[in-house]
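**Q** Here's a structure for you.
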Amino acid sequence: MKKSLSVFVALVMVLSLFAGVGARSARADVTLTVTPSGNFVGGIDARGATPVDAVGTVASITDGTHAVVDVTRVGAGRFGATPNVSVLRATVATSTDPDWATSGDQSITFGGGYTFVPGDSITVAAATTNGAGTIISCNTPTTLAQVHVTTAAVGAIGPAIKKTVGTTFSTDLTWEIAGSHTIAFTTTAGLNALDVLDVSMVWAVAEVPAVAFLMLGGAVTAGNVASATWQDTTGASHTASYTVVAGDTLATVTTRLIDAINAVAGANIIATNASASAIMLTQRVAGTVGNGRKLTTGTTAIAATLTIRTLGGLTSPVLVEMGKTVQLVAVDPTGAIVTATWTSSLPAVVTVNAGGLMTAMRDSGVVLITASHGIYTGSFVVIPISPQTITRLAVGLVPARLKVAGQQQFGAIGASTAYGSLDYTTQAVWTDTLRVAAVFSVAPAQGLLTYRAAETGTVSAHAAGLTTTVTVKINDAGAVTIVKVHVVPVVPKRVVVLTIGSDIVMVDGRATIVDAAPEIV
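Per our numbering, the sequence shown starts with residue 54, numbered consecutively.
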């Protein structure tokens, strides 16, 4: 009987693939591990004119949407987002503190004459880009304050300090011409004569930083050294490390390694927590995905971790179209597929459910998917992309380090004109012509062939309007091979009417006599 394997037994086999074999995973103690996601991905150069903020002083208000402005510094680049004009009023305070050139919380020294109030937004004059920040607290009323610098000053700093009293919006091209002009605004409400206007200008094509991830796992032992080595934008290498002390937890080691990375001067990198035991590294790197900047790690002893791949066999990083789902699989050091706990660093961009099924919610970004199983952890980078038109669908065998008797996973990999490897194993509808063996087309094991006897037949994947069929041979030893790939050409639909008597039709390029009754169409 074809498909003599009952539905109940088949489902039991599927569940065993994703759960039961976890009992075979090794349970030996491991030491601290630091695992990189791979090279930095996603970096894009900023392009266009180097942005220079336009600056002008209000001479007079013409009407509700126009004012006469003396443009003292012409703008370059593209106008920033709404609101792009900061309205500044002069104060008697001054500052030439070099810390204005560094973003973040800074202790800023001022010349006297201005009483600071926490929450005030202030600006310091600078040759290219004015520095801007918010008063956090006051050490002395007029000479020293803690300032959160939101815009680092570029060029010679100071001395004038102005207070931000409001914002408006303008894209008038006369900001690119020095001198006195009538300039259009969305509104001039709140503008006064002598107010200084700072117009934010940006790159024509914005810079996109490249990112990579570090995943920490294993047992934390005093004396272990966790380290990371990366290349900056010139290709020069930098290393940061942390030595574990008694009482440290994995979260503590993660935090201390982040601090060590951020303390490396001139490394052009920012380390942040992607999750409790994962670090996201952000770096401005020229080029696009695959820019070649390297990321490596080291510990006093490297232990095995989970290996994560897609159901169709793709390894990190993978591209996933917005709206599409892809099944992930976690493999322990013995080669067994195990049940894992899954998390996403950015669930708003890519979600992952308890079974490892991920869905791209947006069409851009870089997301770290992490999996944990007992003492083992693993990470996987996902890059969402816009929906694609699939032009090719390939069906192949997915290799397994630990062979499970009577089971073989097939993968369906799609390709578009822009991207060559998109996992469609989960998206595909799977069928076969095998007498006893069966290929599953239900989650979470689409493309899984279960068999118990030698035979030959076909397995087909149907996805994105395409069908690919392969001839599969199962030998007496239980080995599964693909012996032929069937190419199915797409031809225009035709209606052939067979008349009484004999007709001659073309079948596979050969003239063939067909006897048929007239009602066959």
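Just so it is clear, CB atoms sit at the ideal spot from N, CA and C, and this is done for glycine as well.
On a predicted model such as this, the values are computed, not experimentally measured, just so you know.
1) Reducing DSSP to helix, strand and coil, say where P212 ends up.
2) Classify D385 as buried or exposed, calling it buried when 16 or more other Cβ atoms lie within 10 Å of its own Cβ.
3) Would you check if there are 3 or more beta carbon pairs closer than 8 angstroms linking the stretch 317-330 to the stretch 439-453?
4) Note down, in chain order, each residue of its chain lying with its Cβ closer than 7 angstroms to the Cβ of Q159, except the 5 sequence neighbours on either side.
5) Excluding five sequence neighbours on each side, which residues of the same chain lie with their C-beta closer than 7 angstroms to the C-beta of V273?
6) Kindly confirm or deny that the stretch 525-533 and the stretch 420-439 touch, where touching means at least three C-beta pairs closer than 8 angstroms.
7) With H, G and I counted as helix, E and B as strand and the rest as coil, what does DSSP make of I314?
8) Within a Cβ cutoff of 8 angstroms, which residues of the same chain sit near N183, ignoring the five residues on either side of it in sequence?
9) Between T241 and A143, what straight-line distance do the alpha-carbon atoms span, to the nearest angstrom?
10) Around the Cβ of P497, are there at least 16 other Cβ atoms within 10 angstroms (buried) or fewer (exposed)?
11) Taking I161 as the reference, give the member of L197, W483, Q284 with the closest Cα.
12) What separation, rounded to the nearest whole angstrom, lies between the Cα atoms of V590 and A424?
13) Measuring CA to CA, which of T221, A179, N192, T503 is closest to G117?
14) So within the stretch 208-290, which uninterrupted beta strand (DSSP E) runs reach at least 3 residues, ignoring any that extend past its ends?
15) What's the C-alpha gap between I322 and Q336?
16) W483 lies in the beta strand (DSSP E); which residues open and close that run?
17) Using C-beta distances below 7 angstroms, list every residue in its chain close to A401, excluding the 5 sequence neighbours before and after it, in chain order.
18) Taking the straight line between their C-alpha atoms, what separation do you get for A281 and L247?
19) Helix, strand or coil: which one does DSSP assign to A304?
20) Taking three-plus beta-carbon pairs below 8 angstroms as touching, is the stretch 387-399 in contact with the stretch 366-379?
21) Determine the direct distance from the alpha carbon of G464 to that of G500, and round the result to whole angstroms.
22) Relative to the alpha-carbon of T292, which residue among A299, A275, L310 has its alpha-carbon at the smallest distance?
23) Do you know whose CA, among I466, D173, F238, K537, lies nearest T217's CA?
24) Using alpha carbons as the reference points, say which of V533, L399, V170, S290 lies closest to V317.
25) So, helix, strand or coil for T325, using DSSP?
26) Classify Y167 as buried or exposed, calling it buried when 16 or more other Cβ atoms lie within 10 Å of its own Cβ.
27) For D476, does the count of other Cβ atoms within 10 angstroms reach 16, so buried, or fall short, so exposed?
28) List, from N- to C-terminal side, the beta strand (DSSP E) runs of 3 residues or more that fit wholly inside the stretch 436-516.
29) Count the other C-beta atoms from every protein chain shown that fall within 10 angstroms of the C-beta of G130, then say buried if there are 16 or more, exposed otherwise.
30) DSSP state of P400, grouped into three classes?
31) Here's a check: name, in chain order, each residue in its chain whose Cβ is nearer than 7 angstroms to the Cβ of A507, leaving out the five neighbours to either side.
32) DSSP state of A154, grouped into three classes?
33) Using only CA atoms, which one of G276, G473, V382 lies nearest to R454?
**A** Let's see:
1) strand
2) buried
3) no
4) D152, V200, V202
5) L85, V297, D301, T302, L303, V306
6) no
7) helix
8) D106, V108, T176, V177, T204, A206, D251
9) 18 angstroms
10) buried
11) L197
12) The chain is shown from 54 up to 574; residue 590 falls before or after that span and cannot be answered.
13) T221
14) 210-221, 232-237, 249-252, 263-270, 278-284
15) 5 angstroms
16) 482-485
17) M414
18) 53 angstroms
19) helix
20) no
21) 6 angstroms
22) L310
23) D173
24) S290
25) strand
26) buried
27) buried
28) 445-450, 460-468, 482-485, 501-503, 508-516
29) buried
30) coil
31) I527, N528, D529
32) helix
33) V382
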